[in-house]
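Engineer: Here's a structure for you.
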Amino acid sequence: MLVLVAPGQGAQTPGFLTPWLELPGLADRLGAWSEVAGIDLVAYGTTAGADEIRDTAVAQPLLVAAALAAAEALGATPDLLAGHSVGEFAAAALAGVLTPEQALHLVRERAQAMAKAAAVTETGMTAVLGGVAEEVLASIEKHGLTPANINGAGQIVAGGTLEQLAAFKEDAPARARLIPLSVAGAFHTRHMAPAVESLREAAWNVVPGDPGITLLSNSDGQAVATGAEFLQRLVDQVSNPVRWDACMETMAGLGVTRMIELLPGGTLTGLAKRGLRGVQTVALKTPDDLDAARELIK
37 MLVLVAPGQG AQTPGFLTPW LELPGLADRL GAWSEVAGID LVAYGTTAGA
87 DEIRDTAVAQ PLLVAAALAA AEALGATPDL LAGHSVGEFA AAALAGVLTP
137 EQALHLVRER AQAMAKAAAV TETGMTAVLG GVAEEVLASI EKHGLTPANI
187 NGAGQIVAGG TLEQLAAFKE DAPARARLIP LSVAGAFHTR HMAPAVESLR
237 EAAWNVVPGD PGITLLSNSD GQAVATGAEF LQRLVDQVSN PVRWDACMET
287 MAGLGVTRMI ELLPGGTLTG LAKRGLRGVQ TVALKTPDDL DAARELIK
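Quick note: the sequence shown uses the numbering used here, first residue 37, plus one each step.
Shown next as C-alpha cells:
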C-alpha cells in the first residue's frame, strides 16, 4: 500500500524550487497558480531568502503549490493521502476534494489570516524531542502551552507566548531536547482562533467533492468519507492540534508499506523511519528523486 504525504510549514528552504523549473511545463503551471495564490511562486521558490519564505503568507501557498507540482511530475495514484498541517490542502486537492485552484485560494486566505492573528501577540513554537510523552504533555500544560503538533516518533511541538516558551525552556521535561522553531506564530493553538472565522468565510462558497482516494485527517488520523466534512476539518484545524501520530497509527493499521513525501520532502519521511518502521520511504527534494520514487511505485 502506497501513501503520498505533503509536508507542512517549516519544510521550505531557499531555492528549493530551482531544479524543478527544468521540468517541462512546471514553470508555466506555477506561473498560473501564482495568480490564484497572490504571490510569485517562482520567485519565492528560487531567489527569495530564508526570512522571506518564513513569512506565513508566503510559506503556506508556496508549500501547497510545490507539493501539487511535484505530484503532477510524479504521476502516481496512491492508495492513501495525508498532509501535515497546511499540507492537508495539497492532499485534499490530490484526493479530489478541492481543485488545485480552490486549494490555493483557500490557502491564500488561511495564510493571510494566520499571519494577521500571529501579529496580535508575540507567540512561537518549540519542538520537544525525546522524554516521556506523558511527562512532556504534563509540562506543556503546566506552562499554559498547547501541544500544537503531536507528531509521534518522540516529537511534540509546543505553542504559546514567548514568555510561556521561555519558562518552559527553563523547566524542560527530563531527558528531552528543546528546539525553538523558525515560525511566525503559535499555529494550531487558541492564538489562531481569529483565523478560523476568516477561513470559514472564504470556504463558504466552495463546493467540495468527495475523496476519490482514502484521505486522512489531522484532527484524529481517521479517513474522512465526505468532502464537506473534510473541508470543515480544514477550517477548524487552524486552531486545533495536529495529530500526525494518529495519522501514522492509521497508516500502520491499514498496512502501508511505501511512503513518498512530496516536495519539499524530508520531515515526514524522517518521522516515518522512527514511527513506521519497515515502511519504505522516498522524499522528493530534487527531480533526481523522481526515479527512486517511481521505482518504489512499481
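Built from N, CA and C at the ideal position, the CB exists for glycine as well.
Put residue 314 into one of helix, strand or coil per three-state DSSP.
Structural biologist: As a first step, residue 314 is located in the sequence shown; it is residue number 278 there, counting from the start. Three-state result, residue 314: coil.
Engineer: Let me check one thing: in DSSP terms, what residues is residue 297 bridge-paired to?
Structural biologist: By 1-based counting over the sequence shown, the position of residue 297 is 261. In the DSSP output, where bridge partners are listed per residue, residue 297 has 41, 319.
Engineer: Can you tell me whether residue 240 is buried or exposed? The criterion is at least 16 other CB atoms within 10 Å of its CB, across all chains shown.
Structural biologist: On the sequence shown, residue 240 is found 204 positions in, with the first residue counted as 1. With fewer than 16 other Cβ atoms within 10 Å, it is exposed.
Engineer: Tell me where the alpha helix (DSSP H) around residue 123 begins and ends.
Structural biologist: The residue you call residue 123 lines up with position 87 of the sequence shown. Looking at the DSSP string, the run of the alpha helix (DSSP H) that includes residue 123 is 123 to 131.
Engineer: Could you tell me which of 254, 154, 200, 261 sits nearest to residue 228, measuring between CA atoms?
Structural biologist: Here the question's residue 228 lines up with position 192 in the sequence shown. Comparing Cα positions, the closest option is 154.
Engineer: Can you name, in chain order, every residue of its own chain whose Cβ lies under 6 Å from the Cβ of residue 107, other than the five neighbours on each side?
Structural biologist: Taking the first residue of the sequence shown as position 1, residue 107 is located at position 71. Closer than 6 Å at Cβ, skipping near neighbours: 130, 298.
Engineer: Does the Cβ of residue 336 have 16 or more other Cβ atoms within 10 Å, making it buried, or fewer, making it exposed?
Structural biologist: Not covered by the structure: residue 336. The range shown for the chain is 37 to 334.
Engineer: In three-state DSSP terms, what is residue 245?
Structural biologist: The sequence position of residue 245 within the sequence shown is 209, counting from 1. Residue state, collapsed to three classes: coil.
Engineer: From residue 48 to residue 322, what does the alpha carbon distance come to, in whole angstroms?
Structural biologist: Residue 48 sits at position 12 when you count from the first residue of the sequence shown. Residue 322 sits at position 286 when you count from the first residue of the sequence shown. Distance between the alpha carbons of residue 48 and residue 322 is about 13 Å.
Engineer: Could you check the C-alpha separation between residue 328 and residue 315 for me, to the nearest Å?
Structural biologist: Your numbering for residue 328 matches position 292 in the sequence shown. Your numbering for residue 315 matches position 279 in the sequence shown. For residue 328 and residue 315, the distance between alpha carbons rounds to 15 Å.
Engineer: Applying the 10 Å Cβ sphere with the 16-neighbour rule, what's the burial state of residue 123?
Structural biologist: If you number the sequence shown from 1, residue 123 lands on position 87. Looking at its Cβ environment, which holds 16 or more other Cβ atoms inside 10 Å, residue 123 is buried.
Engineer: For the beta strand (DSSP E) containing residue 225, name the first residue and the last one.
Structural biologist: Position 189 of the sequence shown, counted from the first residue, corresponds to residue 225. Where residue 225 is concerned, there is no enclosing beta strand (DSSP E), given that its DSSP letter is neither H nor E.
Engineer: Just curious, the beta strand (DSSP E) that residue 197 is in, first and last residue?
Structural biologist: Position 161 of the sequence shown, counted from the start, is the residue given in the question as residue 197. Taken as a continuous stretch (DSSP letters only), the beta strand (DSSP E) holding residue 197 covers 191 to 197.
Engineer: By the 10 Å Cβ neighbour count, where 16 or more other Cβ atoms means buried, how is residue 313 classified, buried or exposed?
Structural biologist: Within the sequence shown, numbered from 1, the residue matching residue 313 stands at position 277. Per the 10 Å Cβ criterion, exposed.
Engineer: Thinking residue 165 and residue 222 are a contact (beta carbons under 8 Å), I'd like their distance in whole angstroms, please.
Structural biologist: Along the sequence shown, one-based indexing puts residue 165 at 129. Along the sequence shown, one-based indexing puts residue 222 at 186. That belief does not hold up - the Cβ atoms of residue 165 and residue 222 are roughly 19 Å apart, past 8 Å.
Engineer: Given that a residue counts as buried once 16 or more other Cβ atoms are within 10 Å of its Cβ, and exposed if not, what is residue 317?
Structural biologist: Residue mapping note: residue 317 aligns to position 281 of the sequence shown, counting from 1. Classification of residue 317: buried, given that the 10 Å Cβ count is 16 or more.
Engineer: Is DSSP giving residue 100 helix, strand or coil here?
Structural biologist: Stepping through the sequence shown from its first residue, residue 100 is reached at position 64. Helix at residue 100.
Engineer: From residue 325 to residue 190, what does the alpha carbon distance come to, in whole angstroms?
Structural biologist: Your numbering for residue 325 matches position 289 in the sequence shown. Your numbering for residue 190 matches position 154 in the sequence shown. Going by the C-alpha atoms only, they are around 27 Å apart.
Engineer: Where does residue 233 land, buried or exposed, given buried means 16+ other C-beta within 10 angstroms?
Structural biologist: As a first step, residue 233 is located in the sequence shown; it is residue number 197 there, counting from the start. Exposed is the call here.
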